[in-house]
Amino acid sequence: MVKVSFNSALAHKDEKKDVETLIPEDDKDPEAALVEGRVFVCGVKYREEDYMAREDDDILVNLPYQMRKLEESVRVLEKEQVALINVPVPEFQDTDPAEIIHDFQRRLTAYLDLNLNKCYVIPLNTSVVMPPKDLLELLENIKMGSYLPQSYLLHEEMVVTERLHHVDQLGFFIFNLCRGKDTFKLQRRDRILGMQKREALNCFKIRHFESHHVMETSICEL
């Protein structure tokens, strides 16, 4: 159910531009050579069900479902323990395009919502994000046709808690993603004491793929 194309030389200009927006052209230094890794372009078909991701790996299920497709490009830097994901404008109207960084050395995830031009940072959830080595192996197996997962949709909900003013302290990759943009700290909604599930919040959604399933991340403002 997943189609992956592979281009190590980044021959397509549009694809190169999409990923390299994570490292501004006028800021490249020796570290910026790290982004010259391999890129996988994924088209994922998944079952749209009402699953909820939790940090303890519990999953709630609610049927029925329908099939959807998500496309993204993934760059895996195994040595640096970083995955860089670009989600273009989706085929459905209720989610946003985004650039995402999972930094396993810093143990942080950053989302750049391309509609809002804002960054959101949260501790990395290793229960739903595969380590770069495992993600690289998954993408290579998909490319070779030895593993074709039937994916499904998980949901996670985040709430903006405060503004971050020192993005330079968040590591090289997140700094280059969020520099010059309004940047905010996130917390999982189910970990905020006193917040009721029924409370109305201003939310937007990003759907992305970095494991055996598609994740819908809802980011909400109090």
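Just so we're aligned, residue 89 is where the sequence shown starts under our numbering, counting upward by one. By construction, the Cβ of each residue, glycine as well, lies at the ideal position given by its N, Cα and C atoms.
So the beta strand (DSSP E) residue i belongs to, where does it begin and stop?
i      : result
LYS274 : The sequence given here places Leu at residue 274; Lys does not occur at that position. Unbroken beta strand (DSSP E) run through LEU274: 271 to 276.
ASN203 : Segment: none, ASN203 is in no beta strand (DSSP E) and carries neither H nor E.
LEU172 : 170 to 175
MET232 : Taken as a continuous stretch (DSSP letters only), MET232 belongs to no beta strand (DSSP E), being part of the alpha helix (DSSP H) at 220 to 232.
GLU304 : 302 to 309
LYS167 : That residue, LYS167, is in no beta strand (DSSP E); it is neither H nor E in DSSP.
Taking only the alpha-carbon atoms, compute the straight-line gap between residue i and residue j and give it to the nearest angstrom.
i      : j      : result
GLU244 : ILE294 : 10 Å
LEU265 : HIS253 : 14 Å
LEU289 : ASP201 : 17 Å
ALA198 : HIS190 : 7 Å
LEU227 : PHE292 : 28 Å
GLU76  : ASN213 : Any property of residue 76 remains undetermined from this structure, which presents the chain solely from 89 to 310.
PRO220 : VAL170 : 6 Å
ILE307 : TYR208 : 9 Å
HIS300 : GLN257 : 31 Å
ARG163 : MET246 : 24 Å
ILE262 : VAL255 : 7 Å
GLU225 : VAL217 : 14 Å
PHE260 : ILE188 : 14 Å
ALA121 : ARG195 : Reliability of the predicted coordinates at ALA121 is poor, the pLDDT of 38 falling under 50, and the value obtained from them is presented with this limitation in mind. The alpha-carbon atoms of ALA121 and ARG195 are separated by roughly 22 Å.
LYS231 : ARG126 : 13 Å
PRO178 : ASP184 : 7 Å
LYS157 : ARG267 : 31 Å
LYS269 : LEU204 : 10 Å
VAL129 : GLU160 : 6 Å
GLU166 : ASP182 : 32 Å
GLU298 : ARG277 : 21 Å
GLU168 : GLN193 : 8 Å
THR249 : GLU304 : 20 Å
VAL175 : VAL302 : 12 Å
Since residue i is in the alpha helix (DSSP H), which residue starts that stretch and which ends it?
i      : result
PHE263 : 260 to 266
Quickly, what does DSSP pair residue i with across the bridge? List them, please.
i      : result
PRO211 : LEU196
GLU187 : ASN174 and LEU200
VAL248 : LEU274
HIS296 : MET303
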